[in-house]
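Heads up: the structure comes next, in structure tokens.
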Amino acid sequence: MKYQRPRLTLYFAVSWVICLTLVLAFLDFKFTLIPRMAYNLGHVEEDNYIHKFKDTFNDTTRKTKKILVWTPFFKTVEKWAKGINNELRNCDYACTATPNRGNLPLSDAIIFHDADIDMNDMPGLRIRRQPWILYTMEPTALIKKNYNWMNGMFNWTISYRNYSTILGSYGGYVPKSMNTPVPPLVSLKNKNRTMYASISNCHDAGRRFKLIKEIMKYIDVELFGRCSNRKCTNFNGPCHPKEILNLYKFRLAFENSHCRHYVTEKYWSTLAESDTIPIVNWIKGQINPTVIPNSILNGRKYQLGKVNNDYCMLCEKLHKPYKSQVYTDLGGWFKEDTCTKYSLIGMAGRWLDRRIFNIFNK
């Protein structure tokens with residue numbers, strides 16, 4: 001009997017360690033528990049994370065390429081397909097998007113929205129000539145999943161990252177032609193409000209609240225969104241109507257993460273929907289190649305315009321010969337960044353950091 005108790009204690013301890021390991025492994029697999037530090041190796045080539053095959057596909061028999069929309073885009077799969085078709089109408093090449101899964105064998109490509117992927121609901125048929133496309137516009141710091149289970153699954157990517165298969169951007173510009181009328185200059189003297197910011201992610205990786213708090217010591221900043229007592233008057237699109245936004249001289253268009261090439265509508269919508277000057281918090285390596293050169297917002301030289309959208313570029317790629325390829329290290333592709341990948345530990349740290357900051361800065 002005197003030997004059974006230590007043995008039972010050992011069994012219990014081993015069982016507890018095994019159970020704890022399984023739970024932590026599940027959390028790490030599902031949500032990424034342990035922080036993944038960014039590689040930040042400088043220039044990135046997509047080839048670092050993909051395997052290219054020798055075969056080339058060039059189907060010229062189909063004049064209109066068909067894109068099967070497999071997942072929703074936050075809402076419903078039908079709405080995403082409808083939105084894609086609206087964009088495809090203005091493309092130089094003919095393509096159509098469909099949410100009808102019965103078209104799986106006849107589709108030229110299948111597109112998946114990263115945040116809506118369900119591993120228990122994936123296509124049961126894999127056709128070699130049919131690329132699977134991963135669409136994501138979220139920064140690495142906000143992506144919660146572990147991508148190890150996606151290795152060998154997707155062929156192309158569409159994202160704001162410059163090293164994606166197809167570059168998707170939150171905005172764009174085109175040089176003005178000689179015949180484009182020059183808009184009247186806007187005088188800051190006619191604006192009676194100084195600066196505003198609209199922030200809804202209160203525990204962001206970029207820790208914008210610290211920089212904004214420091215700026216507020218010297219300049220009047222009106223803060224809107226869930227992180228403030230002031231609420232936006234618009235629920236969709238800009239925080240306020242254009243006539244209100246135009247009263248401000250500047251907008252703090254701070255991004256929630258310092259990820260490579262991550263420049264969002266905070267920058268672009270400020271230019272497109274008001275004559276307010278955006279002030280950004282970008283770090284080296286974050287600036288997207290679609291941004292106006294040197295970030296000089298010169299209305300006499302550049303104008304905001306609809307550059308080739310990502311769906312048009314996808315359609316064009318389907319119409320031209322392309323090499324067969326597959327992402328063999330999708331996790332590494334995401335990890336190659338200027339910011340740290342999301343983790344539960346990191347999120348807890350940001351939450352605690354914000355609470356401590358609020359206590360000492362009331």
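Counted from 1, the sequence shown has number 204 at position 204 by UniProt numbering; the numbering is strictly sequential.
Glycine included, each C-beta is placed from N, C-alpha and C at the ideal position.
For T270, the enclosing alpha helix (DSSP H) starts and ends at E265 to E273.
Counting only unbroken stretches of 3 or more residues, the beta strand (DSSP E) elements lying wholly within the stretch 132-158 are 132-135, in sequence order.
Less than 7 Å divides the Cβ of D204 from the Cβ of N256.
Under a 10 Å Cβ-count criterion, M119 is classified as exposed, with fewer than 16 other Cβ atoms of the shown protein chains found around its own Cβ. Three or more beta-carbon pairs separated by less than 8 Å link the stretch 244-258 to the stretch 193-213, which places the two stretches in contact. In the structure shown, the three-state DSSP call for I279 is strand.
With fewer than 16 neighbouring CB atoms inside 10 Å of its own CB, C19 falls in the exposed class. The stretch 80-87 makes no contact with the stretch 343-355; the number of CB pairs closer than 8 Å stays below 3. Contact between the stretch 92-106 and the stretch 134-143 is absent, with fewer than three C-beta pairs closer than 8 Å.
Excluding the 5 residues flanking it on each side, D55 has same chain C-beta neighbours closer than 7 Å at S324, in chain order. Under DSSP, the beta-bridge partners assigned to M195 are V221 and F250. Boundaries of the alpha helix (DSSP H) harbouring Y311: D310 to H319, taken from the DSSP string.
Selection P278, E273 and R128 evaluated against Y196 yields P278 as nearest (Cα-Cα). Using a Cβ distance threshold of 7 Å, A94 and Y342 do not count as a contacting pair. For A348, no beta strand (DSSP E) segment is defined; the enclosing uninterrupted segment is the alpha helix (DSSP H) at L344 to F360. Cβ contact annotation for N234 (same chain, cutoff 8 Å, sequence separation greater than five): H240 and P241, in chain order. Residue pairing of Y327 in beta bridges, as defined by DSSP: I50.
R128 has its alpha-carbon roughly 13 Å from the corresponding atom of N58. Residue nearest to K65 within the set K52, F53, V77 and P105 is P105 (criterion: CA-CA distance). If you check the CB distance, S198 and G171 do not come in under 7 Å. Contact annotation: L318 and D92 have beta-carbon atoms that are not nearer than 7 Å.
The C-beta separation of I111 from V69 comes to about 6 Å, placing the pair in contact by the 8 Å criterion. Between V280 and H51, the C-beta gap is not smaller than 7 Å, which leaves the two residues out of contact. About 6 Å separates the CB atoms of K191 and Y248; that is less than 8 Å, so the two are in contact. In this model, W268 and A253 are separated by some 9 Å (Cα to Cα). F334 and T290 have their C-alpha atoms roughly 20 Å apart.
Contact between D310 and I166 holds, since their C-beta atoms are separated by about 6 Å, short of 8 Å. DSSP lists K65 as the bridge partner or partners of C95.
Taking a 10 Å sphere around the C-beta of F209, we find 16 or more other C-beta atoms and assign the residue as buried. For the pair N86 and G331, the CB atoms are not nearer than the 7 Å cut-off. Going by beta carbons, Y160 and G152 fall outside the 7 Å limit. Residues of the same chain with a CB within less than 7 Å of the CB of N201, apart from the 5 flanking positions on each side, are N256 in chain order. Each residue's CA atom was taken as its position, placing I345 and K144 some 12 Å apart. Under the DSSP assignment, F112 falls outside any alpha helix (DSSP H), being part of the beta strand (DSSP E) whose first and last residues are A109 to H113.
From the listed residues S187, G102, G124 and N146, the smallest Cα separation to F250 is found for S187.
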